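Those sequence lines, one after another, are chains P and E. Here the first sequence is numbered in full-length UniProt numbering, starting from 1 and rising by one per residue. Here the second sequence is numbered in full-length UniProt numbering, starting from 1 and rising by one per residue. By construction, the Cβ of each residue, glycine as well, lies at the ideal position given by its N, Cα and C atoms. Since we're looking at a predicted model, the values are computed, not measured. Okay, so here's the structure we're looking at.
Number of protein chains: 2
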Amino acid sequence: MATFTDIGVAAAMNILSALGFLMAFALLRLQPINGRVYFTKWYLNGERSSRTHSGTFIHKFINLNPRSYLRFLEWMPAALKMSELELIEHAGLDSAVFLRIYLIGLKIFIPITILAFFVLVPVNWTNSTLKNLNSIQYSNIDHLSISNVPAGQFIPPKDVCINHFVFWVHLVMAYVFTFWSCYVLLKEYKIVMAMRLQFLASVERRPDQFTVLVRNVPPDPDESVSELVEHFFLDNHPDHYLTHQVVYNANKIAKLVNEREHMENWRDFYQLKYDRNPSKRPTIKVLWQIMTLYFLLNFLFIYVDAIDFYVSKIDKLSKEVTTKQENIKTNPKHIMPAAFVSFRTRWGAAVCAQTQQTRNPTLWLTEWAPEPRDIYWQNLSISFVSITIRKLIVAVAFFFLTFFFMIPITFVQSLANIEGIEKVAPFLKPLIEVPVIKSFIQGFLPGIILKIFLILLPMILMLMSKFEGFVSLSALQRRSASKYYIFLLVNVFLGSIIAGTAFEQLNSFIHQSANEIPKTIGVSIPMKATFFITYIMVDGWAGIAGEILRLKPLIFFYFKNLFLVKTEKDREKAMDPESINFATSEPQIQLYFLLGLVYAAVTPFLLPFILVFFALAYVVFRHQIINVYDQKYETAAAFWPDVHGHIITALVISQLLLLGLLSTQHAAKSTPLLIPLLVLTIWFHRFCKNRYEPAFVKYPLQEATMKDALEREREPNLDLKAYLRDAYAHPAFKKREDDDKVAGDEAELETIWCPPSTSHARGHQSPASSAAHDHRPYLMLSKNNTTLINSISLFFQIQIHDFIINHQFFYQLS
Amino acid sequence: MATFTDIGVAAAMNILSALGFLMAFALLRLQPINGRVYFTKWYLNGERSSRTHSGTFIHKFINLNPRSYLRFLEWMPAALKMSELELIEHAGLDSAVFLRIYLIGLKIFIPITILAFFVLVPVNWTNSTLKNLNSIQYSNIDHLSISNVPAGQFIPPKDVCINHFVFWVHLVMAYVFTFWSCYVLLKEYKIVMAMRLQFLASVERRPDQFTVLVRNVPPDPDESVSELVEHFFLDNHPDHYLTHQVVYNANKIAKLVNEREHMENWRDFYQLKYDRNPSKRPTIKVLWQIMTLYFLLNFLFIYVDAIDFYVSKIDKLSKEVTTKQENIKTNPKHIMPAAFVSFRTRWGAAVCAQTQQTRNPTLWLTEWAPEPRDIYWQNLSISFVSITIRKLIVAVAFFFLTFFFMIPITFVQSLANIEGIEKVAPFLKPLIEVPVIKSFIQGFLPGIILKIFLILLPMILMLMSKFEGFVSLSALQRRSASKYYIFLLVNVFLGSIIAGTAFEQLNSFIHQSANEIPKTIGVSIPMKATFFITYIMVDGWAGIAGEILRLKPLIFFYFKNLFLVKTEKDREKAMDPESINFATSEPQIQLYFLLGLVYAAVTPFLLPFILVFFALAYVVFRHQIINVYDQKYETAAAFWPDVHGHIITALVISQLLLLGLLSTQHAAKSTPLLIPLLVLTIWFHRFCKNRYEPAFVKYPLQEATMKDALEREREPNLDLKAYLRDAYAHPAFKKREDDDKVAGDEAELETIWCPPSTSHARGHQSPASSAAHDHRPYLMLSKNNTTLINSISLFFQIQIHDFIINHQFFYQLS
């Protein structure tokens, strides 16, 4: 058990590393060259295409202004300065509400911390049972925790009243903490609901307001899906039905479209090259496949005009895509039994989404269409029965993943020892017998295998959720988050408290009585406080500080710039704005809520560490959301009921564990007094569910009517049908039109590309993009003594690319 | 432990008593005098107003036809002859579907019984472990049960394979039984759903098809509730809103209306008397109150004309009711924040019922309006927050009722002993010291107290459900049924298996591990088989046979005829048709499902007893539904999801207990093989819930559209508004109009009353009603030497009545 000193050392180390990250960030973000890494969002918004520093060339890469270094921490107040309304405008409601989770953490734990330090710590401190128990080693921290409260058998009868008093204090505190948490949660639910409704009421016209997703259209031998849908809705929603869009299984074209995009990128690249140097038309080497029949091992290249080559290639692909699209549209095999049905009014859509259409509740299933960007197209055609079976399979699989995941890992670990490897691959024997490698394998490999699994875990959970058949990305995220939360709860929280694998826990729980389980866990809780304090500092403090540094995107950005970036479009792509990954971030935050609530009444000493986490994370993520993250879609905070539910779960767990802990302390008779708290908490959850959740699931008719009326007044002649025509086309169908448009007005394209003649005249290019205009379009950073690497990389890049492309090209010719 | 002989004796006794009841019924039902008790439904339908026997007077009371006695069991085939469609026509869908519960019992248990007797009984019989265990007393029945399967430690190694084989047989049987039950349940759910939808599609136009109940209308200082409702629905359902009916708190008028009805009954009585004997106008004695001021202790009576007196009284009351109605309609204090909103089309109502109206999901709550007869008016005004709090209170109260109900009963029982009574009421001492009374108090009183509680229990549960705020009688019934089911499960089923009160069980379960609980119960199951067989014979066989005899309604009918019946209306009222009491009958049937499923794999010997119960109950209740019961309202089988859910619960419990039982039998390693069965069963329940339940809760739009279109074609000029105007008026408001109509055409009345002049001419009066026309209207059965009793009863009746009436009358005059 750690003492104050131990914790002090750990805290110092973690504070230092966190400060180190923050310093590095503060310095790196000032360099113009990193603009696209640390201000991604502004580039994407178009509000920032370059730094405002003009001047010498070096200024475009490095900030030499000494004064800006003095103000290197200015990002913190800057991040807090933007008002919430501006934030919603800037980054969407999802991001703004996501930040509120951290705020809730602060709102719940600041008063609890103060109360705990003023009431519980003195109470625990004044009791000195621990000093009497010399046989057991207690640390100073345990002085402040509930372990210090004397258990019945050690006290002389005179002290019994004090003992009782102390437990009463803990009991009352448990009530106060719960009521305060529930109060904050209730208020917050109200606010978020209001924000959501306000947001939905104020947003612009969006296709999903008028559209309903219909699934499980029953097959009909006489009519196509499209006709069927039209007739059905003309019959049953005669006054409101407007149009519909059948869902195609367009995964095959998607590939072709991607390839064409790739070609277009190359065409643009050579076009740019030619524009910069009109004296010479660029050529590329093309493998003549017929010749390879004769010279099997040699590559015979011919030179062709690069632009012409790609233009012809794109034409070919476009034609192919068009014919395939026609084929898909007409071939019933590719038509899924699902459709996006749009209505004349929001009222009509709201009605259709909330009602049952036919006798059979598994056919003609209607629900709100997700935002077009939010759709997960692959799952649109899964039938009802299939979904119920899939849910069962995933539930069973997830159970095994949670409780038995250690078994395959142990198995792999056992294979990955020296003997195992030597058996499977005897030729490696001389290599792994080298002492350094041997010790690495023995020491690190098992840990790395576990680490790899934990890194892969969110992906596995996401795959499971996808298998379950959710049709929107946001629902997938929410579902994965819930799974991840359970996994963390079982394997990190309980797994740390009771040493042993989840399976062992499960086994022992089955064999224990219902009131023994909270006792077993409850007793171990106070002893694990120091472990969790360290955990908070490593994962919470240093981890969050690492988040703001964005080391991975930074490195990737440089690498991509070196090897992959050819055109402006590529550079846009090289930026990795990331976004809030709800599926992993939310459960991790929830772990802190859980720790805070569990330890609030037990070891209040842990609370300040959690407070620091919430405060730091709030500032950091606010900064990231303002400057970096780019949300792919907007759900108007649809995830809030999940967040609320998880915090309630944490509350209930904390109460159960406190119950278990207190019942071991010879105050067992007063512990039933905690049961009403449990009942009240669960009732509170049900109340909130009934009261607030509908606002996140349904769309009230009154709102729809109001918005409809408003729109009718503003735009009486709106052609809604035209507006909605392609809103819900499969992305593979949509791209073509975008590209047609691009191909149509090439003049427009050129202004976007900023040809070199205008580039210097404008004078406020971003350093990276101006480098791109420097007549060596494929060598972005060649001035920075990386020529050798670049040359090599370029060589490989072109060789591989040419080979693949030309191979296909000539194959198609022949 | 009972032997075959013991069970044989019990069976013989119960079969005899059941046969006795059936014989008594067969004889009693043939007597014309009992027609209104055993053929109530036909009288209510108007299809039977008298027996078809004409002839001597005695024939009207007693059946002297000897041939009819030979066919005294003809009611059984007659009860089965009516087809299900006719049954639905005759008694409504609720009754027809209720009978299907018994059918399901037969469908599930006939194949299971056959299979069990062909597979399990031989397997258990051939094992002879029990014979080796002379130390324990086993009965013959246990030979056929699983107790007979040898446990691991007793067998020589050679037998181990047989042992394993036996357990595998039980395991496979458990799977087969579950799959068969689920298959039957699935098919049945499908059929019932189809029946419900068919019924809803085919029924006549009913007000509830167009009407939605709106609750929690928010208060508005500027507008009345009525205006508010109208504006809201004109805004949000502009094309569909038709009219609405505000809900009034009319409980006060209800009293007045009842009183008026009472007066009308008396008026009719004297009118009849006068019609029969026009020579003398009937008079009644009336207390002149002013005189009582002088002769305080004497009653001074004056004689007034009876008919005039009651007519004036009714006029007075009618005026009072009218003014109070006006008062209620205008006084906002009496207007509840709820309304019945009717729509132009079924489509409009279906949409409104299924959608959320406003931002705040606790305001403007819409749901399908129950049938007018089905409404529980008192609960219409409870607010959302209040309902959630009430639910919490009831949940806690029900928990305590279930687990701690023995505590107050034990307390009362302890008071009700000799010493307790002597302490409270010393003057009773001489009385209770009489040996007979003393032994009665000591021997029977505690049992009677428990019995009284158990008789009161359904009422207590119904009160709890009412407190929870359900707005329809059918929902109250369903809710009470679920509560009663849980109570029976805990206190009858578990309470019988593990001796001890529910609270003791709860306590021991909390202190046992999760896998010990099914073991503890599972082990006791085989030993309790004989107890449950006796229970089935007493409660199931004799109880059901007693049901058909209708002893209580029979006696009550005679008593009412003697003392209360004055007019034809009264005789109508004296018939007590009863109806299926879903709240108590359904849980009792479910107990048999539970017993059957639990013992199917353990002691198959119990199954035939259950089969007899289901078959007998099916015939008996089919007869009762055809001939006696009169359902008060029609819910179109809305209770089916509950029935299905309860059977699934029984399945899960049976699996858990089998798991516990097998795991004690040293085949513990193979028991996890039962867990997939558990998971599959729960999954099956969820599947059914998603697949079929919506058909019982929502009204599909397609159906609504079809029915609307049909109606538009048939009756294009229907005045729906007029049709719906008073459909949802409070009963107290409605009655007035019925009565006005009655008062309006008195000529019509007289033909209904059948004056004596036509009575004999028609010649086919029911004996009771012809007795009523025998110039002694108030002495129904005076010919049957009951004159003395009648005279006395009449005297008291008139005295008490006069006193009350006149007292009020003169009080109002003064």
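Quick one: give me the first and last residue of the alpha helix (DSSP H) that residue i is part of.
{"i": "P:His644", "result": "640-663"}
{"i": "P:Arg267", "result": "251-276"}
{"i": "residue 859 of chain P", "result": "The question about residue 859 of chain P has no answer here: the residues shown for chain P are numbered 1 through 814."}
{"i": "P:Trp377", "result": "From DSSP, P:Trp377 is part of no alpha helix (DSSP H); its letter is neither H nor E."}
{"i": "E:Ser279", "result": "That residue, E:Ser279, is in no alpha helix (DSSP H); it is neither H nor E in DSSP."}
{"i": "E:Lys92", "result": "Checking the sequence shown, residue 92 of chain E turns out to be Gly, not Lys. Run containing E:Gly92: none; DSSP gives neither H nor E here."}
{"i": "E:Ile589", "result": "582-600"}
{"i": "E:Ser226", "result": "225-236"}
{"i": "P:Leu392", "result": "384-404"}
{"i": "E:Pro608", "result": "607-627"}
What are the boundary residues of the beta strand (DSSP E) that residue i is part of?
{"i": "E:Leu450", "result": "That residue, E:Leu450, is in no beta strand (DSSP E); its alpha helix (DSSP H) goes 445-467."}
{"i": "E:Val247", "result": "241-248"}
{"i": "E:Arg215", "result": "211-215"}
{"i": "P:Trp541", "result": "First-last for P:Trp541: undefined, no H or E at that position."}
{"i": "E:Thr366", "result": "365-368"}
Restricting to Cα atoms, I'd like to know which of the options is closest to residue i.
{"i": "E:Gln356", "options": "E:Gly348, E:Ala350, E:Thr366, E:Met23", "result": "E:Thr366"}
{"i": "E:Ala395", "options": "E:Ile88, E:Phe487, E:Lys107", "result": "E:Phe487"}
{"i": "E:Lys333", "options": "E:Tyr248, E:Leu607, E:Lys438", "result": "E:Tyr248"}
{"i": "E:Val598", "options": "E:Glu586, E:Leu551, E:Val523", "result": "E:Val523"}
{"i": "E:Lys41", "options": "E:Leu106, E:Pro370, E:Ser579", "result": "E:Ser579"}
{"i": "E:Lys190", "options": "E:Ile104, E:Glu264, E:Trp75", "result": "E:Ile104"}
{"i": "E:Leu678", "options": "E:Leu651, E:Glu693, E:Leu662", "result": "E:Leu651"}
{"i": "E:Pro641", "options": "E:Val321, E:Ala96, E:Val192", "result": "E:Val192"}
{"i": "E:Glu371", "options": "E:Ala727, E:Ala11, E:Leu591, E:Met537", "result": "E:Ala727"}
{"i": "E:Leu186", "options": "E:Asn690, E:Leu242, E:Pro238", "result": "E:Asn690"}
{"i": "P:Trp364", "options": "P:Val212, P:Lys632, P:Ile497, P:Phe25", "result": "P:Val212"}
{"i": "E:Lys252", "options": "E:Thr283, E:Asn277, E:Val321, E:Val304", "result": "E:Val321"}
{"i": "P:Ile112", "options": "P:Met173, P:Ser95, P:Ala91", "result": "P:Met173"}
What whole-angstrom Cβ distance do residue i and residue j have, given they're in contact under 8 Å?
{"i": "E:Ile108", "j": "E:Val184", "result": "5 Å"}
{"i": "E:Gln702", "j": "E:Thr681", "result": "That belief does not hold up - the Cβ atoms of E:Gln702 and E:Thr681 are roughly 32 Å apart, past 8 Å."}
{"i": "P:Met82", "j": "P:Ala637", "result": "Contact flag wrong, Cβ pair sits at about 18 Å."}
{"i": "P:Ala601", "j": "P:Gln245", "result": "No, P:Ala601 and P:Gln245 are not in contact; Cβ-Cβ is about 56 Å, not under 8 Å."}
Within the segment 321-348 of chain E, ranges of the beta strand (DSSP E) (whole runs, at least 3 residues): The qualifying runs are 335-343.
Check whether the segment 211-225 of chain P touches the segment 312-327 of chain P, counting contact only when three or more Cβ pairs, one atom from each stretch, lie closer than 8 Å. Using a Cβ-Cβ distance cut-off of 8 Å, the segment 211-225 of chain P and the segment 312-327 of chain P are not in contact, since fewer than three pairs of beta carbons, one from each stretch, lie closer than that value.
Between the segment 338-350 of chain E and the segment 703-715 of chain E, can you find at least three pairs of beta-carbon atoms closer than 8 Å? Taking a contact to require three or more Cβ pairs closer than 8 Å, the segment 703-715 of chain E and the segment 338-350 of chain E qualify as touching.
Inter-stretch contact at 8 Å, needing at least 3 Cβ pairs: the segment 603-620 of chain E / the segment 550-559 of chain E: The segment 603-620 of chain E vs the segment 550-559 of chain E: no contact.
If we count Cβ pairs, one from each stretch, closer than 8 Å, do we get three or more for the segment 471-485 of chain E versus the segment 376-389 of chain E? These segments touch.
Across the segment 203-214 of chain P and the segment 301-321 of chain P, are there enough close Cβ pairs to call them in contact, namely three or more that are closer than 8 Å? By the Cβ criterion, the segment 203-214 of chain P is not in contact with the segment 301-321 of chain P, since fewer than three pairs of Cβ atoms, one from each stretch, lie closer than 8 Å.
With three or more C-beta pairs closer than 8 Å as the rule, is the segment 399-409 of chain P touching the segment 226-239 of chain P? Contact fails: fewer than three Cβ-Cβ distances are below 8 Å.
Should the segment 583-592 of chain E be regarded as contacting the segment 479-498 of chain E, the criterion being three or more beta carbon pairs within less than 8 Å? With contact defined as three or more Cβ pairs closer than 8 Å, the segment 583-592 of chain E and the segment 479-498 of chain E are in contact.
Is it the case that the segment 545-555 of chain P contacts the segment 616-633 of chain P, given that we only count it when at least three CB pairs across the two stretches are under 8 Å? The segment 616-633 of chain P makes contact with the segment 545-555 of chain P; the number of CB pairs closer than 8 Å reaches 3 or more.
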